[in-house]
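Here's the structure we're looking at; comments come further down.
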């Protein structure tokens, strides 16, 4: 998906804020952010990283520098396995003119050799938001991999694909004040905005998002 397509579909879907969370990579963020600025869409920097436990973890930052620093760290922790383009497809960085800036040769779907605890600690120490992805998925989720969600990891929320099923996962969640959120997790343009979380924000930044998530966590029940 190119920056122009992402931004166009997000605006069509009525979204005000999005985060670019490519798998183990952040370099498309500046171009999507540039495209978003032209039409009033706020674009936050992020990544969906894969820990050594094969858990998908969303990281979101206000500034691209922190996101890119995370990418550099994660890249060094990935196995040096080349991407098979014929099998896995291209891994590209695309600018606002739909031009491919570069292709990444290392396979990005692998697990980085960092624990879920250490990854979350790094994100939080750099002012980011940390959210385990699709906790209701049978693969690559914190529940599928660990069997439960520990109380001592400072997550900001839990992302779930089907909020109506959130109650079934409560026995596996040790911190009952964590709010549920749901996101597009879009891999194709048509998926953008299909799932969303509505937050009331003083400003569209990580600090205000954290405050809104804490408020959600104090309320009863999962999102509708």
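Numbering (my numbering), first residue to last: 2 to 225.
A virtual CB, placed ideally from N, CA and C, is assigned to each residue, including glycine.
Using 10 angstroms around the beta-carbon of residue 102, count the other beta-carbons present and answer buried if the total reaches 16, otherwise exposed. exposed
For residue 188, does the count of other Cβ atoms within 10 angstroms reach 16, so buried, or fall short, so exposed? With fewer than 16 other CB atoms across the displayed protein chains lying within 10 angstroms of its CB, residue 188 is exposed.
Residue 95 to residue 172 span [Cα, whole Å]: Just so you know, the alpha carbons of residue 95 and residue 172 end up roughly 42 Å apart.
If we require 4 or more residues per run, which alpha helix (DSSP H) segments fall completely within the region 152-219? 207-219
Between the C-alpha atoms of residue 119 and residue 196, what's the straight-line distance to the nearest angstrom? Near 29 Å, if we compare the C-alpha coordinates of residue 196 and residue 119.
Stretch-stretch touch, CB-based, cutoff 8 Å, three pairs: the region 52-63 with the region 85-95: no
Note down, in chain order, each residue of its chain lying with its Cβ closer than 7 Å to the Cβ of residue 139, except the 5 sequence neighbours on either side. 145
Return yes when the Cβ of residue 36 is within less than 9 Å of the Cβ of residue 8, no when it is not. With respect to residue 36, residue 8 sits close: the two C-beta atoms are nearer than 9 Å.
When DSSP builds the beta bridges, which residues end up paired with residue 83? 107
Ordered along the chain, which non-local residues of its own chain (more than five positions away) have a Cβ less than 8 Å from that of residue 116? 52, 53 and 54
Which whole-angstrom value describes the C-beta separation of residue 128 and residue 63, a residue pair presumed to lie in contact below a C-beta threshold of 8 Å? 7 Å
Going by the DSSP bridge assignment, what does residue 1 pair with across the sheet? Within the shown structure, residues of the chain are numbered from 2 to 225, placing residue 1 beyond reach of any answer.
What three-state label does DSSP hand residue 14 in the structure shown? coil
Residue closest to residue 85, alpha-carbon to alpha-carbon, out of 110, 100 and 68: 110
Straight-line Cα distance separating residue 215 from residue 73: 30 Å
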